[in-house]
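Below is one structure; the comments refer to it alone.
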Amino acid sequence: MTNHEVLPLLGQVADSVSRAIAHVHPELAGADPVVRRSEHADFQSNAALALAKRARTKPPELAQALTAALADDRGPATHVEVSGPGFVNITVPDQLLWNQVAARLANSRLGMGTPNEGQRTVIDYSAPNIAKEMHVGHLRTTIIGDSLARVLGFLGSEVIRQNHLGDWGTQFGMLIQYLDEHPELTWHHDELERGASAVSALDELYKTARAAFDDDLEFADRSRDRVVALQSGDPDTIARWKEIVSESEKAFRDIYDRLGVLLTPEDSVGESFYNHLLTDVITELTEAGIAVESEGALVIFSEEVTGPDGNPAPLMVRKREGGYGYDTTDLATIRYRIHDLKANRLLYVTDSRQALHFQMIFEAARRAGWLTDGIEAAHVPYGTVLGPDGRPFKTRSGGTVRLMDLLDDAVSRARAVVSEKNPDLAADALDQIAEQAGIGAVKYADLSSSRVKDYVFDVERMVSFNGNTGVYLQYAHTRIRSILRKAGDPEASIDPTIELQPAERALALELDAYSTALSEVSSTLEPLKLCGYLYDLARDFTTFYEACPVLSADEPVRSNRLALCQLTARTLQHGLDLLGISAPERM
RNA sequence: GCCCUCGUAGCUCAGGGGAUAGAGCAACCGCCUCCUAAGCGGUAGGUCGCAGGUUCGAAUCCUGCCGAGGGCGCCA
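No gaps in the numbering here: position 439 of the first sequence is 439 in UniProt numbering, and each next residue is one more.
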């Protein structure tokens, strides 16, 4: 196996057209060759239409000239013709398609390059709150962030995952105080019955503590003292706090394992971490004259954003009573990630309602001189998960939906469908497949629609397993694997002189376009681009599957088709992995 | 008041300067002696929110309007 990049045919054709443009009109050298996949040929170039005016000619004439130049070129085109108002339709020889397939099969990375090499990317995602259940609100950031981490990493970025845990704040004062006053309470994971989690217990205890805080003035006072003790580093208080953090992380870990998310405890860099940096951040901003006093608080007035009163909107750097909120920690994160982590790409995967907040954080970071031209900072916003009523997803009683419950529900429904479709499965195989299909269905449903749009969480639809769902992709993969198993998983061998059937041709062209889909994910930060590609690929495979028998074909066609199966299976498996979805061998 | 996002088939969504606007679901009609029918083929369904503008060409870019959602000082 090699790991040299295999250039996609689209790029090779584009290079040819670029050469043709430079040859025919040297003054237009460097212009976009406007090469796309085409319904009328393998590829088409629309360059003649785009450039005719600059070339002082008519589109059909320019197209004709480009066609002639392409015919002389030693590039990949075998058949070039002008069509319509000036489209240049380009067809590539079958042999070249086979060569691409063979080269990708021989390559450990399917011929993908590492265009993001040299980028150091921080991705901030998931960010659950300590001592609180993970709920629907954490689903999208966790799934989307993780997929982006995988894709960007594969493309050569050095990815630094940051799980910005909500592990600091006044709420811990009352929780710790309450636990201290009630040593009989059990909440550690090893004290609880199986299936119960420490965060679930802590979440309940926090509510109780909160009620006590509101009812009992003396308890409230002791809780406030406890906040002070926590913030000033009192050893006993800190020890208890660390215990709560670590127990909570165990519960998060269960969810991450189940979701197949890459986050590890090493990626946890919560709010508390920034504590020791806040005074430096504030000093720097104050000395630079960016942060100023206002109504007793320290704020940064935006030069871009105004509030309801028409005055500049502020970031709250230090509250009137001296405390710090999320504005301050977020200013600290961006400084830390640029100065200490030395990242040149910073992604914050949070819901779209925080857009204005990040706009102001980035503005402040630019004014402070932290965020400079070579560094990209981006809020990666996503829409709300809605319930069947079109309102933010809640339980019937109006509470938040626990993430674990939601996953249980999806998996148990998946199990019903899987066992109906395949009643012969052994119990443990059924469990495993139901888990993979159910979790995959949830993740795919989340990743496969436009990130910024709200979407309705509809388990029935996700788990119906028809159409553009995760299971369709998994199913396509198992059908291919079944063929390959029956063939004995042979070493690929391709005879490139064999003529391609239309379905084979469409499949081969699609397989060749994988890298384009991945680059689009990198530039748009939309996993949907990868989902769409994989769905198209699975459909192209299914068409091929219907039209081109593999095992019963005569050699050398059989081997060639097996090679297409192998590359499709590997590409599907690989793409699903970048989405964080497993590709079972059987279903 | 200002700002952001969204408006495409009955429903859920792709397409974000190029040829007849595409899928899935739901509906209807077909297809398992054949590599997994969790599949495939077909029929039907659209003034791409509205109105201007830019362009050889606009669902796509610009402006305005309408509608939905969200945000804008001490919650993240």
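Built from N, CA and C at the ideal position, the CB exists for glycine as well.
These numbers were taken from a predicted model, which means no experiment stands behind them.
E247 is a Cβ neighbour of H189, given a cutoff of 8 Å. Secondary-structure assignment with DSSP links G195 through no beta bridge to anything. Measuring C-alpha to C-alpha distances from Y125 to each of P93, L346, D409 identifies L346 as the nearest. In this structure, the alpha-carbon of S493 lies about 16 Å from that of E504. Between R402 and G438, the gap from beta carbon to beta carbon reaches 8 Å or more.
Sequence-distant partners of P115 (beyond 5 residues in either direction) whose C-beta falls short of 8 Å from its own C-beta, in its chain, are L155, G156, S519, S522.
Pairing E284 with A343 gives a Cβ-Cβ distance that is not under 8 Å. For Q231, DSSP records no beta bridge to any residue. Between the region 358-375 and the region 103-110, the count of C-beta pairs closer than 8 Å stays below three; the two stretches do not touch. With a cutoff of 8 Å on beta-carbon distance, V88 and T67 are scored as near each other. Contact between the region 381-392 and the region 448-468 is present, with at least three C-beta pairs closer than 8 Å. The beta carbon of Y206 is closer than 6 Å to those of A131, L175 in its chain, skipping five residues each way along the sequence. Within the model, the alpha-carbon separation for L28 versus R54 is close to 8 Å. Judged by their CB atoms, D73 and S147 are not nearer to each other than the 8 Å cut-off. Check the Cα spacing between I334 and each of V269, M587, Q573: the tightest is with V269.
Distance between N275 and R391, taken at the CA atoms: about 36 Å. Cβ contact annotation for A229 (same chain, cutoff 6 Å, sequence separation greater than five): T237, in chain order. Nearest C-alpha to T516 among L534, S18, R461, A429: L534.
When secondary structure is reduced to three states using DSSP, H164 falls in the coil class, being assigned neither helix nor strand. With distances taken between CA atoms, I361 lies nearest to D327 out of P381, D340, D327, F541.
In this structure, W168 and E271 form a Cβ contact; the two beta carbons are roughly 4 Å apart against a cut-off of 8 Å. The C-beta distance from P312 to E303 rounds to 7 Å, short enough to fall under 8 Å. Here V459 is near A410, since their CB atoms are less than 8 Å apart. Residues G137, R140, T141, P381, Y382, G383, T384 of the same chain have their beta carbon placed closer than 8 Å to that of D351, with the five preceding and five following residues left out of the count. In the structure shown, the three-state DSSP call for Y382 is strand. Per the C-alpha coordinates, the member of L537, A508, Y256 positioned closest to L9 is A508. For S523, the enclosing alpha helix (DSSP H) stretches over residues 514-524. If you look at N99, you'll find it in the alpha helix (DSSP H) that goes 94-105. At the C-beta level, A65 and V24 come within 8 Å of one another.
Using a Cβ distance threshold of 8 Å, R150 and L578 count as a contacting pair. Between L315 and V299, the C-beta spacing is below 8 Å. For V411, no beta strand (DSSP E) encloses it; the enclosing alpha helix (DSSP H) starts and ends at 403-421.
As the crow flies, the alpha-carbon of I480 is around 6 Å from that of A569. With contacts defined as CB atoms closer than 8 Å, E133 and S200 qualify as a contacting pair.
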